[in-house]
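Q: Could you have a look at this structure, given as structure tokens, before my questions?
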């Protein structure tokens, strides 16, 4: 292993899904992972040469982020920051379910900003570091009844690119990792924010059931963890990395196909 950015990692969303798989995979490869979540396990988990250190943190709470940052940065020279925390909802784009949509954006987008606010200055001061943000292919393709989730991930796409340019002179790299359908507990945790009386109810259920079937038959979260481990071994990692050859091809085709044709295909997949 090449520990270009050191062996200490701070990771959010570590209690489940991609976050938990990534924490375990990195610890198995010799890293000490400070794994943050709202309800962390109380004991450290030791591996042959690495370790997972649980950290209590709610990305929606600035005070919680500050306490976690103060604790972790007093103990370790963090060189890699990995953002895995995220939630999903199923809802019609026309309808504004205030608490659900605000909570989604506060977690998926604002949560990244809060954590960066406290950890990126440390990476800048050490003159070497890597910030990895987990986006989604759903931030590239507009999936019906996932408009709010897709918007949150699309926001991370542009944010990460701009952030990378800002941090370039300071020796800190930024990479956006975009998984497609992935088999994790994220699918079962998705909340349906739509009433049976809604004009969109039947279409919403049909589209999301199709999507959830694809997720349950999707790639292992380890496929995402492997991509992130490779990024950590590169001095100049790519600004964006799509997980899996099939999704790389899809994102490439989206750039060259007419948008009208792409939308037609998506309607056929999710609404037929």
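In the working numbering, the protein residues as written are 2 to 273.
Where a beta carbon is used, it is the ideal one built from N, C-alpha and C, also for glycine.
Name the two residues that bound the continuous beta strand (DSSP E) containing residue 55.
A: Per DSSP, residue 55 belongs to the beta strand (DSSP E) from 52-57.
Q: Please return the same chain residues whose Cβ sits closer than 6 Å to the Cβ of residue 136, not counting the five positions on each side in sequence.
A: Closer than 6 Å at the Cβ level, and outside the excluded window around residue 136, lie 154, 157, 158, 177 and 179.
Q: Less than 7 Å between C-beta atoms, sequence neighbours within five positions excluded: which residues of the same chain meet that for residue 245?
A: 181, 220 and 224.
Q: Quick check: the Cα distance between residue 256 and residue 94, rounded to an integer number of angstroms?
A: Taking the straight line from one Cα to the other gives about 24 Å.
Q: Using CA coordinates, which residue listed in 241, 148, 232 and 108 is at the minimum distance from residue 85?
A: Ranking the options by Cα distance to residue 85, first place goes to 108.
Q: Where do the N-terminal and C-terminal ends of the alpha helix (DSSP H) with residue 264 fall, by residue?
A: Note, residue 264: alpha helix (DSSP H), 260-272.
Q: Kindly confirm or deny that the region 139-146 and the region 116-131 touch, where touching means at least three C-beta pairs closer than 8 Å.
A: Because the criterion of three Cβ pairs below 8 Å is not met, the region 139-146 and the region 116-131 do not touch.
Q: Tell me the residue span of the beta strand (DSSP E) that contains residue 131.
A: Its beta strand (DSSP E) spans residues 130-135.
Q: Determine the direct distance from the alpha carbon of residue 139 to that of residue 99, and round the result to whole angstroms.
A: Using only the alpha carbons, I get a separation of about 22 Å.
Q: Which value, in whole angstroms, describes the spacing of the CA atoms of residue 1 and residue 33?
A: What is shown of the chain runs 2 to 273, which leaves residue 1 out entirely.
Q: Could you tell me the alpha carbon to alpha carbon distance between residue 253 and residue 243, rounded to whole angstroms?
A: In a straight line, the C-alpha of residue 253 is about 10 Å away from that of residue 243.
Q: Find out if the Cβ-Cβ distance for the pair residue 56, residue 38 is shorter than 9 Å.
A: It is a contact, given that the beta carbons lie within the stated cut-off.
Q: Quick check: residue 1 and residue 168, are their CB atoms within less than 9 Å of each other?
A: Lying outside 2 to 273, the shown extent of the chain, residue 1 is not represented and no answer is given.
Q: By how many angstroms is the C-alpha of residue 133 removed from the C-alpha of residue 175?
A: Taking the straight line joining both Cα atoms gives about 6 Å.
Q: Give the list of continuous alpha helix (DSSP H) stretches no shorter than 4 residues that lie fully inside the region 53-140.
A: Complete alpha helix (DSSP H) runs here, min 4: 63-76, 99-106 and 112-127.
Q: Suppose the cutoff is 7 Å on Cβ atoms and the five residues either side in sequence are ignored; what does the same chain contact list for residue 148 look like?
A: So the qualifying residues of the chain are 94.
Q: Can we say the region 256-271 touches the region 62-80, given the rule of at least three CB pairs closer than 8 Å?
A: The region 256-271 is not in contact with the region 62-80.
Q: Between the Cα of residue 79 and those of 9, 110, 115 and 45, spot the shortest distance and give me the residue it belongs to.
A: Taking only the C-alpha atoms, the option nearest residue 79 is 9.
Q: Determine the contact status of residue 61 and residue 20, defining contact as a CB-CB distance below 9 Å.
A: No, these two residues do not count as a Cβ contact at 9 Å.
Q: Which same chain residues end up closer than 6 Å to residue 53 when comparing Cβ atoms and leaving out the 5 residues on each side of it in sequence?
A: The residues are 24, 28, 34, 36 and 46.
Q: If you draw a straight line from the C-alpha of residue 237 to the C-alpha of residue 164, how long is it?
A: Going from the Cα of residue 237 to the Cα of residue 164 covers about 15 Å.
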